[in-house]
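**Student:** Got a structure for you, questions after.
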Amino acid sequence: MAGGASAGNLDPKVKEAIDRYVKAESLVPGSPEDPRVAARAEVVSGLQSGKVQLLDIVLHLETFLNDSGNPQGRRHAIHLLAECLEDPNSQLRLNFKHVETLVHFFCAKLCDWQCVEGAVKGLIALLQQHAAQMRMLKEDDGAPSAAHIARSLFKGVHTPSHTQQVRKAVLDLVKLLLDDWSAEVAGLGSVLGDGVVGVIEEERDPRNLLLSFSLARTLLESCAPECASDDCLTSLFESLTSYFPITFTPPKDDKYGITGDDLRVALTAALGSSPRLAKLVVPFLLDSSKDITVGTEEATIRDALDTVASCFERYGPLVTREHLGDLLRTTRDQVVRTSTPCTKEFVIALRRSLVVALGDIP
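The opening residue of the sequence shown carries number 990 in the working numbering; numbering runs sequentially from there.
Here you go:
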């Protein structure tokens, strides 16, 4: 970034390409008709050749980024910066100061509704492509830079209010932080768990739901207990069980290959991700298996019984024994005292659960 021309002496061809990108009419991103595709290629070529440095672009875009009356210009400007960071052809050589400046810049833009997607993608690019510098960076309070990113994201972005594409980007960033930067974000404590709850709430898109279920599972499986307070645990439970039972059927023109079974498996893995959830999950699933005798609700009973047995297999013998009596009583009541259509499923669930309960007994 250092050593390039100042913003006022920006290479004319690169400057024209930047302005063309920012002022372009909104079209489907990446489509051949989108004038931003060619404009971005010219900007990246300028970075690759050394005619321009990324800081020069940031300085030139400052007017657009601060124009409160031009939301599309702000959105395009931040996208261009993110795409320059993402593109390996840019051949950026960023030092610690450059990376630190860009982190603070993108974090500050998370509070601008129009800039959220571009800022998130820029932060993902920094975490993925400049990890060596990122791991060395500390905030003034000593917190790792990755923790600062997470805190800024959770504070500045109300994820449910955005489009599917933006929500997907936010979920991708949180997944990256939990998967690859868990040690750095663990210091956030309960802020981390509350933040995860906030980004997955009210999600309905199947693509994003797979990510949401994965985030909940990772939070409870891999992060320290203090990262998910009891209140957080209850909120996660309420959020996850709002999707039960999964009734999703892909449309005939489905382009994504996500099935109802994919979602069911991911939801079950999330519900079984921590024994701490058992006191909430088991009663809910047993209640879902009761007093339903006819019609399509038969599938709900089957799902509830399969899910509770799968959760016991994840919770382990001790937790299973604590709840085995409840399962026994529910099985007796439903099989003997009602006309449940799922007698076989109750027996299978009970057998699976008994195998788990006795698993650690010599």
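Every residue gets a Cβ at the ideal spot worked out from N, C-alpha and C, and that includes glycine.
Which one of Val1159, Ala1108 and Thr1327 has the shortest CA to CA distance from Glu1072?
**Tutor:** In the sequence shown, the residue the question calls residue 1072 occupies position 83. Closest option to Glu1072, Cα to Cα, is Ala1108.
**Student:** Taking the alpha carbon of His1065 as the reference point, which residue from Ala1205, Gly1035 and Arg1025 has its own alpha carbon closest?
**Tutor:** The residue given as residue 1065 occupies position 76 in the sequence shown. Nearest of Ala1205, Gly1035 and Arg1025 to His1065, Cα basis: Arg1025.
**Student:** Where in the stretch 1236 to 1270 do unbroken runs of the alpha helix (DSSP H), each at least 4 residues long, occur, reported from the N-terminal end onward?
**Tutor:** List check, alpha helix (DSSP H) in window: 1249 to 1260.
**Student:** Runs of 4 residues minimum, wholly inside the stretch 1084 to 1171: which ones carry the alpha helix (DSSP H) assignment?
**Tutor:** Fully enclosed alpha helix (DSSP H) runs of 4 or longer: 1085 to 1098, 1105 to 1118, 1120 to 1123, 1134 to 1145 and 1153 to 1169.
**Student:** Might you give, ordered along the chain, the residues of its own chain that have their beta carbon closer than 6 Å to the beta carbon of Glu1128, omitting 5 neighbours on each side?
**Tutor:** Start at 1 with the first residue of the sequence shown, and residue 1128 comes out as number 139. Excluding sequence neighbours, Glu1128 sits near His1137.
**Student:** Between which two residues does the alpha helix (DSSP H) harbouring Val1345 extend?
**Tutor:** Here residue 1345 refers to the residue found at position 356 when the sequence shown is read from its first residue. From DSSP, the alpha helix (DSSP H) with Val1345 extends over Thr1332 to Ala1346.
**Student:** Taking C-alpha atoms, which residue in Ser1299, Lys1279, Ala1298 and Cys1300 lies nearest to Ile1290?
**Tutor:** Translated into positions along the sequence shown, residue 1290 becomes position 301. The shortest Cα separation from Ile1290 among Ser1299, Lys1279, Ala1298 and Cys1300 belongs to Lys1279.
**Student:** Taking 7 Å as the limit between beta carbons, can you name the residues of its chain near Gly942, skipping five residues before and five after?
**Tutor:** For the chain, the structure presents residues 990 to 1351; residue 942 sits outside this window and is missing.
**Student:** Which same chain residues, not among the five before or five after Val1088, have their C-beta less than 7 Å away from its C-beta?
**Tutor:** Numbered from 1 along the sequence shown, position 99 holds the residue referred to as residue 1088. Excluding sequence neighbours, Val1088 sits near Leu1115, His1119, Gln1122, Met1123 and Leu1126.
**Student:** Look at the Cβ atom of Thr1230, then the Cβ atom of Thr1257, and state whether they are nearer than 7 Å.
**Tutor:** On the sequence shown, position 241 is the one that residue 1230 refers to. On the sequence shown, position 268 is the one that residue 1257 refers to. No, they are not a contact pair.
**Student:** Output the distance between the C-alpha atoms of Gln1103 and Thr1320, rounded to the nearest integer angstrom.
**Tutor:** Position 114 of the sequence shown holds residue 1103. Position 331 of the sequence shown holds residue 1320. Approximately 53 Å, taken between the alpha carbons.
**Student:** Alpha carbon to alpha carbon, what distance is there between Ala1259 and Ile1007?
**Tutor:** Residue numbering aside, residue 1007 sits at position 18 when the sequence shown is read from its first letter. Residue numbering aside, residue 1259 sits at position 270 when the sequence shown is read from its first letter. So the alpha carbons of these two residues sit roughly 44 Å apart.
**Student:** Should Val1033 and Ser1079 be called a contact, given that it needs their Cβ atoms to be closer than 7 Å?
**Tutor:** On the sequence shown, position 44 is the one that residue 1033 refers to. On the sequence shown, position 90 is the one that residue 1079 refers to. Their beta carbons are under 7 Å apart, which means Val1033 touches Ser1079 by this criterion.
**Student:** Kindly indicate which three-state DSSP category Ile1350 falls into: helix, strand or coil?
**Tutor:** Residue mapping note: residue 1350 aligns to position 361 of the sequence shown, counting from 1. Coil.
**Student:** Could you tell me if Arg1193 is buried or exposed, where buried requires 16 or more neighbouring beta carbons within 10 angstroms of its beta carbon?
**Tutor:** Residue numbering aside, residue 1193 sits at position 204 when the sequence shown is read from its first letter. Classification of Arg1193: exposed, given that the 10 Å Cβ count is below 16.
**Student:** When you compare only the Cα positions, how much space is there between Val1336 and Phe1273?
**Tutor:** Your numbering for residue 1336 matches position 347 in the sequence shown. Your numbering for residue 1273 matches position 284 in the sequence shown. About 19 Å.
**Student:** Can you tell me where the alpha helix (DSSP H) with Ala971 in it begins and where it stops?
**Tutor:** Nothing about residue 971 can be reported from this structure: the residues present for the chain run from 990 to 1351 only.
**Student:** When burial is assigned at 16 or more other CB atoms within 10 Å of the CB, is Asp1045 buried or exposed?
**Tutor:** Here residue 1045 is taken as the residue at index 56 of the sequence shown, counted from 1. It counts as buried.
**Student:** Spell out a yes or no on whether the stretch 1181 to 1200 and the stretch 1149 to 1163 are touching, meaning 3 or more CB-CB pairs, one atom from each, closer than 8 Å.
**Tutor:** Cβ pair count under 8 Å is three or more, so yes.
**Student:** Closer than 8 Å by C-beta to Ala1267: which residues in its own chain qualify, once you throw out the five before and the five after it? Chain order, please.
**Tutor:** Residue numbering aside, residue 1267 sits at position 278 when the sequence shown is read from its first letter. Excluding residues within five positions, the ones whose Cβ falls inside 8 Å are Cys1300, Tyr1304, Val1308, Glu1311 and His1312.
**Student:** Report the option in Ala1293, Pro1240 and Glu1173 whose CA atom is closest to the CA atom of Tyr1232.
**Tutor:** In the sequence shown, residue 1232 corresponds to position 243, counting from 1. It is Ala1293 whose Cα lies nearest to the Cα of Tyr1232.
**Student:** Which residue from Val1188, Ala1172, Arg1318 and Arg1206 puts its Cα closest to that of Pro1149?
**Tutor:** The residue labelled residue 1149 in the question sits at position 160 within the sequence shown. When only C-alpha atoms are compared, the closest one is Val1188.
**Student:** With a cut-off of 8 Å on the beta carbons, I'd call Ser1262 and Leu1316 a contact; round off their distance for me.
**Tutor:** For the purposes of this step, residue 1262 is taken as the residue at position 273 of the sequence shown. For the purposes of this step, residue 1316 is taken as the residue at position 327 of the sequence shown. Rounded, the Cβ-Cβ distance is 20 Å, inconsistent with contact.
**Student:** Restricting to Cα atoms, I'd like to know which of Leu1083, Gly1178, Glu1286 and Lys1110 is closest to Leu1070.
**Tutor:** Taking the sequence shown and counting its residues from 1, the one referred to as residue 1070 is at position 81. For Leu1070, the nearest C-alpha among the options comes from Lys1110.
**Student:** Please state the DSSP three-state secondary structure of Phe1233.
**Tutor:** Taking the sequence shown and counting its residues from 1, the one referred to as residue 1233 is at position 244. Note: Phe1233 maps to coil in three-state DSSP.
**Student:** Is DSSP giving Glu1031 helix, strand or coil here?
**Tutor:** Within the sequence shown, the letter at position 42 stands for residue 1031. Looking at Glu1031 - three-state DSSP - the assignment turns out to be helix.
**Student:** Just to confirm my understanding: we take His1049, look at its own chain, exclude 5 residues before and 5 after, and list those with CB closer than 7 Å. What are they?
**Tutor:** Position 60 of the sequence shown, counted from the start, is the residue given in the question as residue 1049. Excluding sequence neighbours, His1049 sits near Ala996, Leu999, Lys1004 and Ile1007.
**Student:** Do the CB positions of Trp1170 and Ala1135 come within less than 7 Å of each other?
**Tutor:** Here residue 1170 is taken as the residue at index 181 of the sequence shown, counted from 1. Here residue 1135 is taken as the residue at index 146 of the sequence shown, counted from 1. Cβ distance < 7 Å, so Trp1170 and Ala1135 count as in contact.
**Student:** For Arg1009 and Gly1145, what's the separation of their Cα atoms in angstroms?
**Tutor:** Locating residue 1009 in the sequence shown gives position 20, counting from the first residue. Locating residue 1145 in the sequence shown gives position 156, counting from the first residue. Their Cα atoms are separated by approximately 29 Å.
**Student:** For Gln984, is the classification buried or exposed, using 16 other Cβ atoms within 10 angstroms of its Cβ as the cut-off for buried?
**Tutor:** Outside the shown range of the chain, which is 990 to 1351, sits residue 984, and nothing can be said about it.
**Student:** Around the Cβ of Ala1158, are there at least 16 other Cβ atoms within 10 angstroms (buried) or fewer (exposed)?
**Tutor:** As a position in the sequence shown, residue 1158 is number 169, starting the count at 1. Label assigned to Ala1158: buried.
**Student:** How many angstroms separate the CA atom of Ser1179 from the CA atom of Leu1222?
**Tutor:** In the sequence shown, the residue the question calls residue 1179 occupies position 190. In the sequence shown, the residue the question calls residue 1222 occupies position 233. Their backbone Cα atoms lie some 10 Å apart in a straight line.
**Student:** Quick check: the Cα distance between Thr1332 and Ser1277, rounded to an integer number of angstroms?
**Tutor:** By one-based count along the sequence shown, residue 1332 stands at place 343. By one-based count along the sequence shown, residue 1277 stands at place 288. Thr1332 and Ser1277: Cα-Cα distance of roughly 15 Å.
**Student:** Measure the alpha-carbon distance for Lys1086 versus Ser1038 and round it to whole angstroms.
**Tutor:** Here the question's residue 1086 lines up with position 97 in the sequence shown. Here the question's residue 1038 lines up with position 49 in the sequence shown. The straight-line gap from Cα to Cα measures roughly 22 Å.
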